[in-house]
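Structure, as structure tokens:
In mature numbering (1 follows the signal peptide of the UniProt record, and there is no 0), the protein residues as written are -22 to -1, 1 to 624.
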């Protein structure tokens, strides 16, 4: 049995805590440094030995700057006191008086449990990789009378029983904190909906941190803030079509999104490479399309993911693309007497027929294609529990693929149609019209039909394309670079817009496998394939400063109208070179920069946000998210001296 001695150099106080070692005795040393808030930034200085106290970095972060360590920064008034009070997490209680519905009560209970676990994760000895039920509470100890007496009472008031997240959901909240003379911290949260209340809990958790001098937690004593998001659609796209992602990893991504108040997980579930979704009405899709029998997503599993995400304030939007990005999983049609459902599958040389190998596009001339598509759509809508959006893909169509199909050419010749670009453009438009009607027909009776989302492409910029792509019906997700001239056609037609412009929000770019050509060297334009994102890695600064409102206004004839069309945006992580072993560090903390842009839409540049992002990255690591380093840790402690590295 050994002992750790905690020594404060200032007051020479000694506390002895038993530790178990085999032979030698070690001592946990205090820090000789103190941190001061200078120009809203915490910086370190040597603490004189005769100083009455030192201020830790965590304490400084809770007290420094208008927004302290909050991420994303609130959009309304913020008034926080300059003092803290220590407590232990067992003395924090959450009360939700009269929840408006049983479902809201259930979600609040789950959110409250998650909140309590996040408090435990603040302790440096807590192992975030181990279930909280399988490890001791690191705060289970006797504290000083003041700490033992301090109680944090959180009360929540929610006005609406609406538990479905939509574009019209009010996600605003207010949070007030007041500490009485007897050590009771009253926290009052008021929100219109559950989602605002959940966001308020996340904000509250960021006004709490661990303090090593007392081995306890500390919270801001008094304060008030108002907050609501700038955009209703704040998303992140993951891709399980190129590389399979485990359900555990998808849930971890949802956790990280919730810490950043992102509210939409865009799940690109299939691609030409694989079809891992199990469709009960079309089981051969996964039979032929999955990489392995254990790499299949079943409806019950997806429903669990959807429920898990809802509690964390997130909707899940499925993407099952077509007519391109469809291949493996569709190849069984001919042997089942249904003809070619897919054409140019795995065709070489691939650069002539698709944007990346393997090639494959749905056969728009085969009626069986739409029958199978309808079964898949219906099963997906049931699994994703009445999602308000459905992503239909509609990108990367290559006319040479269709032109290489003997089956399609025979049908065209039999109907006196010439296989040229004009014909294939018409076929693409006809496919999209039939696919949308198939999606609508697959929706359950009495349930609102999902809003279709498609990527911008040559289709969206064709003359008179709005005849097929009704601006009152479709949402266009922009992946073209911000300066792409064709965006003006899409934006001026009045579509609602989700920005994922590749020059800023393609998170997979810059990892340099050489598989895809850089911007400007992609397949010929007549193939109707947009060039890939190119070789530039998107830093968090580039991501943070990417303003979708400015992009829309730049291309629009009417600035006010442009602003009204922007729903928000989403970062995209195509998994061409990513699987669950590398997903998190590629996403975080860069996606946190995206989150603040979409929640706060700040007018300041990334420089104001840098100190808070440092603190938030530490918070993500503390909570078990493998967020990559964005600068040396020395810079966290020596902010002023490290300015040149920003």
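Idealized CB from N, CA, C, for every residue including glycine.
- Of the residues 451, 247, 206, 313, which one's Cα is nearest the Cα of residue 627? Coverage of the chain is limited to positions -22 through 624, which leaves residue 627 absent and any answer about it impossible.
- Task: Would you kindly work out how many angstroms separate the C-alpha atoms of residue 99 and residue 355, rounded to a whole number?
- Result: Working through the chain shown from its first residue, we reach residue 99 at position 121. Working through the chain shown from its first residue, we reach residue 355 at position 377. The straight-line gap from Cα to Cα measures roughly 40 Å.
- Task: Taking residue 63 as the reference, give the member of 195, 21, 104, 375 with the closest Cα.
- Result: Numbered from its first residue, the chain shown carries residue 63 at position 85. Answer by Cα proximity: 195.
- Between residue 634 and residue 298, which are expected to be in contact by the criterion C-beta below 8 Å, what is the C-beta distance as a whole number of angstroms? The chain is shown only over -22 to 624; residue 634 falls outside these bounds and no answer can be derived.
- Would you list the residues sitting across from residue 57 in a DSSP beta bridge? Your numbering for residue 57 matches position 79 in the chain shown. DSSP output for residue 57 lists 202 as bridge partner(s).
- Starting from the N-terminal side, write out each stretch of the beta strand (DSSP E) that is 3 residues or longer and does not extend beyond the region 141 to 171. 151 to 157, 162 to 169
- Query: Is residue 236 helix, strand or coil when you go by DSSP?
  - Reply: As a first step, residue 236 is located in the chain shown; it is residue number 258 there, counting from the start. Helix, per DSSP.
- Query: Would DSSP call residue 174 helix, strand or coil?
  - Reply: For this step, residue 174 is matched to residue 196 along the chain shown. Three-state result, residue 174: helix.
- Can you tell which of 53, 438, 330, 601 has its C-alpha closest to the C-alpha of residue 379? The residue given as residue 379 occupies position 401 in the chain shown. It is 330 whose Cα lies nearest to the Cα of residue 379.
- So what does residue 212 bridge to, in DSSP terms? Here residue 212 refers to the residue found at position 234 when the chain shown is read from its first residue. Its beta-bridge partners are 547.
- Complete beta strand (DSSP E) runs within the region 313 to 380 (minimum length 3 residues, chain order): 367 to 371
- Message: Let me check one thing: in DSSP terms, what residues is residue 133 bridge-paired to?
- Response: Residue numbering aside, residue 133 sits at position 155 when the chain shown is read from its first letter. DSSP lists 73, 166 as partners of residue 133.
- Are residue 382 and residue 322 closer than 8 Å when you measure CB to CB? Residue mapping note: residue 382 aligns to position 404 of the chain shown, counting from 1. Residue mapping note: residue 322 aligns to position 344 of the chain shown, counting from 1. A contact, by the Cβ cut-off of 8 Å.
- Message: Tell me the DSSP secondary structure of residue 220 in three-state form.
- Response: Locating residue 220 in the chain shown gives position 242, where the first residue counts as 1. Residue state, collapsed to three classes: coil.
- Task: Assuming residue 327 contacts residue 245 (C-beta within less than 8 Å), just tell me the rounded distance between them.
- Result: In the chain shown, counting from the first residue as 1, residue 327 sits at position 349. In the chain shown, counting from the first residue as 1, residue 245 sits at position 267. That pair is no contact at about 31 Å.
- Item | Residue from 148, 131, 139, 610 with nearest C-alpha to residue 154 | If you number the chain shown from 1, residue 154 lands on position 176. Answer by Cα proximity: 131.
- Query: Can residue 572 and residue 546 be called in contact, C-beta distance under 8 Å?
  - Reply: Within the chain shown, residue 572 is the residue found at index 594, counting from 1. Within the chain shown, residue 546 is the residue found at index 568, counting from 1. No; because the gap between Cβ atoms is not below 8 Å, this pair is not in contact.
- Message: My output table needs one value for residue 138: the three-state DSSP class, helix, strand or coil.
- Response: Taking the chain shown and counting its residues from 1, the one referred to as residue 138 is at position 160. Reduced to three states, the DSSP call for residue 138 is coil.
- Since residue 201 and residue 57 are thought to touch, with beta carbons under 8 Å apart, how far apart are those beta carbons, to the nearest angstrom? For the purposes of this step, residue 201 is taken as the residue at position 223 of the chain shown. For the purposes of this step, residue 57 is taken as the residue at position 79 of the chain shown. Right, their Cβ atoms sit about 6 Å apart.
- Backbone secondary structure at residue 403 - three-state DSSP: The sequence position of residue 403 within the chain shown is 425, counting from 1. Residue 403 falls in the helix class under three-state DSSP.
- Item | Alpha-carbon spacing of residue 542 relative to residue 128, whole angstroms | As a first step, residue 542 must be located in the chain shown, where it is residue number 564. As a first step, residue 128 must be located in the chain shown, where it is residue number 150. If you take the alpha carbons of residue 542 and residue 128, they lie about 47 Å apart.
- Task: Compare the C-alpha of residue 66 against each of 76, 46, 101 and name the closest.
- Result: Within the chain shown, numbered from 1, the residue matching residue 66 stands at position 88. Of the candidates 76, 46, 101, the one whose C-alpha sits nearest the C-alpha of residue 66 is 101.
- Apart from the five residues on each side of it in sequence, which residues of its chain come closer than 8 Å, Cβ to Cβ, to residue 460? For the purposes of this step, residue 460 is identified with residue 482 of the chain shown, where counting begins at 1. For residue 460, where only same-chain residues beyond five positions count, the Cβ hits under 8 Å are 479, 481, 482, 524, 529, 532.
- Check whether residue 18 and residue 38 have beta carbons under 8 Å apart: The count along the chain shown starts at 1 and reaches residue 18 at position 40. The count along the chain shown starts at 1 and reaches residue 38 at position 60. No, these two residues do not count as a Cβ contact at 8 Å.
- Query: Hey, how far is the Cα of residue 391 from the Cα of residue 232?
  - Reply: By 1-based counting over the chain shown, the position of residue 391 is 413. By 1-based counting over the chain shown, the position of residue 232 is 254. Cα to Cα, residue 391 sits roughly 50 Å from residue 232.
- For residue 629, does the three-state DSSP call read helix, strand or coil? Missing from the structure shown is residue 629; the chain here goes from -22 to 624 and no further.
- Query: What does a CB cutoff of less than 8 Å around residue 612 pick up in its chain, not counting 5 residues either side in sequence?
  - Reply: Position 634 of the chain shown, counting from 1, holds the residue named residue 612. For residue 612, where only same-chain residues beyond five positions count, the Cβ hits under 8 Å are 620.
- Item | Beta-carbon contacts of residue 283 that lie in its chain and below 8 Å, excluding the five residues immediately before and after | Translated into positions along the chain shown, residue 283 becomes position 305. Hits under 8 Å: 225, 228, 229, 232, 294.
- Task: Consider the Cβ of residue 589: report whether some Cβ of chain B lies at a distance smaller than 8 Å.
- Result: No chain B appears in the structure shown, which is made up of a single protein chain.
- Task: Give me the Cα-Cα distance between residue 503 and residue 377, rounded to the nearest whole angstrom.
- Result: Residue mapping note: residue 503 aligns to position 525 of the chain shown, counting from 1. Residue mapping note: residue 377 aligns to position 399 of the chain shown, counting from 1. Here residue 503 scores only 39 on pLDDT, less than 50, and its place in the model should not be relied on; the value that follows carries that caveat. Looking at the two C-alpha atoms, the distance is approximately 10 Å.
- Member of 463, 578, 588 whose CA lies at the smallest distance from the CA of residue 240: By 1-based counting over the chain shown, the position of residue 240 is 262. The shortest Cα separation from residue 240 among 463, 578, 588 belongs to 578.
- Query: Is the Cβ-Cβ distance between residue 431 and residue 540 less than 8 Å?
  - Reply: Working through the chain shown from its first residue, we reach residue 431 at position 453. Working through the chain shown from its first residue, we reach residue 540 at position 562. It is not a contact, given that the beta carbons lie outside the stated cut-off.
- Query: Considering only residues of the region 403 to 487, which uninterrupted beta strand (DSSP E) runs meet the minimum length of 3 residues and lie entirely inside it, listed in chain order?
  - Reply: 429 to 433, 453 to 456, 474 to 477
- Item | According to DSSP, residues forming a beta bridge with residue 525 | Taking the first residue of the chain shown as 1, we reach residue 525 at position 547. Residue 525 is not bridged to any residue.
- Query: Straight-line CA distance for residue 292 to residue 372?
  - Reply: For the purposes of this step, residue 292 is taken as residue 314 along the chain shown, with counting starting at 1. For the purposes of this step, residue 372 is taken as residue 394 along the chain shown, with counting starting at 1. Taking the straight line from one Cα to the other gives about 24 Å.
- In this structure, does DSSP put residue 620 in helix, strand or coil? For the purposes of this step, residue 620 is taken as the residue at position 642 of the chain shown. Looking at residue 620 - three-state DSSP - the assignment turns out to be coil, as it is neither helix nor strand.
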